[in-house]
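K.L.:
One structure is given below, represented as structure tokens, and several questions about it will come after.
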Amino acid sequence: MKILAIESSCDETACAIVGNGTKEIASEVASSADMHHITGGIVPEVAARKQVEYIVPVVDSTLHKASESLGINIKDIKEHIDAIAVTVGPGLAGSLIVGIEAAKSLALAWGRPIIAVNHLIGHIYANFLETDKETPGIRFPAAALVVSGGHTDIVLMKDHGNLEYLGGTIDDAAGEAFDKVARLLGLGMYLGGANLSRTASEYTGVELPEKLPRSLLHQNNYDFSFSGLKTAVKRLADKNMYPVPAIAKEFEESVVEVLTEKTLKAVENTKAKSVLLGGGVSANRKLRNDLINKVGEKFPDVVVHIPPFRLCTDNAVSIASAAYFNQNYKTFDNITPNPSMTIKD
Ligand code: KG4
Ligand code: ZN
0 MKILAIESSC DETACAIVGN GTKEIASEVA SSADMHHITG GIVPEVAARK QVEYIVPVVD
60 STLHKASESL GINIKDIKEH IDAIAVTVGP GLAGSLIVGI EAAKSLALAW GRPIIAVNHL
120 IGHIYANFLE TDKETPGIRF PAAALVVSGG HTDIVLMKDH GNLEYLGGTI DDAAGEAFDK
180 VARLLGLGMY LGGANLSRTA SEYTGVELPE KLPRSLLHQN NYDFSFSGLK TAVKRLADKN
240 MYPVPAIAKE FEESVVEVLT EKTLKAVENT KAKSVLLGGG VSANRKLRND LINKVGEKFP
300 DVVVHIPPFR LCTDNAVSIA SAAYFNQNYK TFDNITPNPS MTIKD
């Protein structure tokens, strides 16, 4: 079964065609991030206008790539697509609606069913794609940590479509904390998380004599809190005593330690057989390494699955995979944007 998926929840416009939820046939992503770097933050109206500008070329390019990789004529491509999938939330209403209307138009024109996908569940499914090296072979139950710009959640995936919510952030998301601290330390005005991480990893000087808090680390639950950490970073930075890379490193260590320890706790308490990492922050090298090492040390039989870098941030390949394994078919009038959707919806 081949699914064409569209993802337009924020500032990426993406389309992909995936076979049986695991085989990537074609993928295209355009981003309006450059515009938001100029304004130092996302202006929803600007993001939505860019979605309108990019959506047709992105779908067109995906179809051409698919016709090439399948060795078929572009005119015949629709015969090979069995369903259309689209992200319905969470995200920016104006951005979501562009992808939703494009998906409905394709479904209508081609006479295909339409599948609604939760963006956060999509991030988990970045782990289900076959890579050159391996087929994922994920064993359930799996503890999934979703860490993105807007969300931080841990869920127990008992099977496809059978999730138990374990916990999440009670204030800022992990990615949001990275971005806010990056801005505070002068390491990037918009989506500075990756830059902060690079700065931290390059720092080889002495450790900070003052430690930042590890919020909620010792609470016996799966909740996170990152907003106090940002205030603590500001207090340190305002002292003008420590180099910025040293503060960045300590900040990254604090966030990664809490994320890793809570995931270990979830594995221990639920007897999970695998760990699945997803969302933009899963591109963070320290988080990737620490999860693999610490889970490996404590639970040698548990396999940690981490998406390839290009599937960590927003893309439509993961959305197509989530659509295949969940097949949440909807009628046209039931496909509407749900900006405040959570991982529990
Ligand atoms: O999943 P995503 O692309 O968009 C949302 O659904 O929110 O996540 C974007 C987030 C941003 O906050 C970005 O700064 C963060 O992921 N991010 C990183 C890294 N790469 C991206 N955070 C820490 N370290 C990184 N290497
Ligand atoms: Zn995302």
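Going by numbering that gives the first Met the number 0, the first residue of the sequence shown is number 0, and it counts up by one from there. Yeah, the Cβ is synthetic: ideal placement off N, Cα and C, and Gly gets one too.
My understanding is that A322 touches V116, with C-beta atoms under 8 Å, so please give their C-beta distance in whole angstroms.
P.N.:
Confirmed, Cβ separation roughly 5 Å.
K.L.:
What are the boundary residues of the beta strand (DSSP E) that includes D158?
P.N.:
Its beta strand (DSSP E) spans residues T151 to D158.
K.L.:
Less than 8 Å between the beta carbons of S7 and I54, yes or no?
P.N.:
A contact, by the Cβ cut-off of 8 Å.
K.L.:
Would you say S26 faces chain B, with C-beta separation under 8 Å as the test?
P.N.:
Absent here is chain B; the protein component of the structure consists of one chain.
K.L.:
When a residue counts only if its C-beta is closer than 5 Å to some heavy atom of ligand 2, which residues count, in chain order?
P.N.:
Taken from the N-terminal end onward, the list reads S147 and D313.
K.L.:
Please report the straight-line C-alpha distance between H63 and H79, rounded to a whole angstrom.
P.N.:
Each residue's Cα considered, the two are about 13 Å apart.
K.L.:
To which residues of the same chain is A47 closer than 6 Å at the C-beta, ignoring the five residues directly before and after it?
P.N.:
Excluding sequence neighbours, A47 sits near G93 and S94.
K.L.:
Going by Cα to Cα distance, which pick from G295, A236, G279 and V294 is closest to I123?
P.N.:
Of the candidates G295, A236, G279 and V294, the one whose C-alpha sits nearest the C-alpha of I123 is G279.
K.L.:
According to DSSP, is F298 part of a helix, a strand, or is it coil?
P.N.:
Coil at F298, not helix or strand.
K.L.:
Can we say the segment 160-170 touches the segment 215-222, given the rule of at least three CB pairs closer than 8 Å?
P.N.:
They touch, by the three-pair rule.
K.L.:
Assuming V28 contacts E11 under a Cβ cut-off of 8 Å, what Cβ separation, rounded to an integer in Å, is found between them?
P.N.:
Confirmed, about 6 Å.
K.L.:
Is the segment 189-205 touching the segment 170-179, taking contact as three or more C-beta pairs under 8 Å?
P.N.:
Yes, the segment 189-205 touches the segment 170-179.
K.L.:
By Cβ distance below 8 Å, which residues in the same chain neighbour V334 in space, the five residues on each side in sequence not counted?
P.N.:
In the sequence as displayed, the identity of residue 334 is Ile instead of Val. Excluding sequence neighbours, I334 sits near V85, V87, I99, A102, K103, I113 and A115.
K.L.:
If you check the beta carbons only, do P135 and K272 fall under 8 Å apart?
P.N.:
No; because the gap between Cβ atoms is not below 8 Å, this pair is not in contact.
K.L.:
Within its chain, find whatever has a CB closer than 6 Å to the CB of N283; leave out the 5 residues flanking it on each side and keep chain order.
P.N.:
These residues qualify, in order along the chain: S196.
K.L.:
Along the beta strand (DSSP E) that carries T86, what are the first and last residues, could you check?
P.N.:
Its beta strand (DSSP E) spans residues A82 to G88.
K.L.:
Between V266 and the rest of its own chain, which residues show a CB-CB distance below 7 Å, the 5 nearest in sequence each way excluded?
P.N.:
Cβ within range, chain order: A142, V274, V294, F298 and V301.
K.L.:
Quick check: A4 and I342, are their CB atoms within less than 8 Å of each other?
P.N.:
Cβ atoms of A4 and I342: not closer than 8 Å.
K.L.:
Quick one: give me the first and last residue of the alpha helix (DSSP H) that T335 is part of.
P.N.:
Neither: T335 is in no alpha helix (DSSP H) and is coded neither H nor E.
K.L.:
Considering Cα atoms alone, identify which of L286, G185, A247 and V255 is closest to L216.
P.N.:
The residue with the shortest Cα to Cα distance from L216 is V255.
K.L.:
For K22, name the three-state secondary structure that DSSP assigns.
P.N.:
Of the three classes helix, strand and coil, the one that applies to K22 here is strand, per DSSP.
K.L.:
Count the other CB atoms within 10 Å of the CB of E209; is the residue buried (16 or more) or exposed (fewer)?
P.N.:
Exposed.
K.L.:
Using three-state DSSP, classify H35 as helix, strand or coil.
P.N.:
H35 falls in the helix class under three-state DSSP.
K.L.:
Would a C-beta distance cut-off of 8 Å place A356 and Y202 closer than the cut-off?
P.N.:
What is shown of the chain runs 0 to 344, which leaves residue 356 out entirely.
K.L.:
Given a cut-off of 8 Å, decide if S281 and P307 are closer than it, judged by their beta-carbon atoms.
P.N.:
Not in contact: P307 and S281 (Cβ atoms no closer than 8 Å).
K.L.:
What is the DSSP secondary structure of F223, reduced to helix, strand or coil?
P.N.:
Here F223 sits in strand by DSSP.
K.L.:
Quick one: does the C-beta of D282 sit closer than 7 Å to a heavy atom of ligand 1?
P.N.:
The question names Asp, but residue 282 in the sequence shown is Ala. Answer for A282: yes, Cβ within range of ligand 1.
K.L.:
Cβ of L184 within 8 Å of Cβ of V146?
P.N.:
No, these two residues do not count as a Cβ contact at 8 Å.
K.L.:
Can you check DSSP and say which residues form a bridge with V274?
P.N.:
Answer is A142 and V303, bridged to V274.
K.L.:
Just reading off the beta strand (DSSP E) that I162 is part of, what are its end residues?
P.N.:
Reading the sequence as shown, one finds Leu at residue 162 and not Ile. Run containing L162: N161 to G167, per the beta strand (DSSP E) assignment.
K.L.:
Out of P43, R138, D171 and T151, state which residue places its alpha-carbon closest to the alpha-carbon of H159.
P.N.:
H159 has its Cα closest to that of R138, out of P43, R138, D171 and T151.
K.L.:
If you measure from the CB of H122, is any heavy atom of ligand 1 nearer than 7 Å?
P.N.:
Checking every heavy atom of ligand 1 against the Cβ of H122, one is found closer than 7 Å.
K.L.:
From the DSSP secondary-structure annotation, give me the bridge partner or partners of T12.
P.N.:
Bridge partners of T12: A29.
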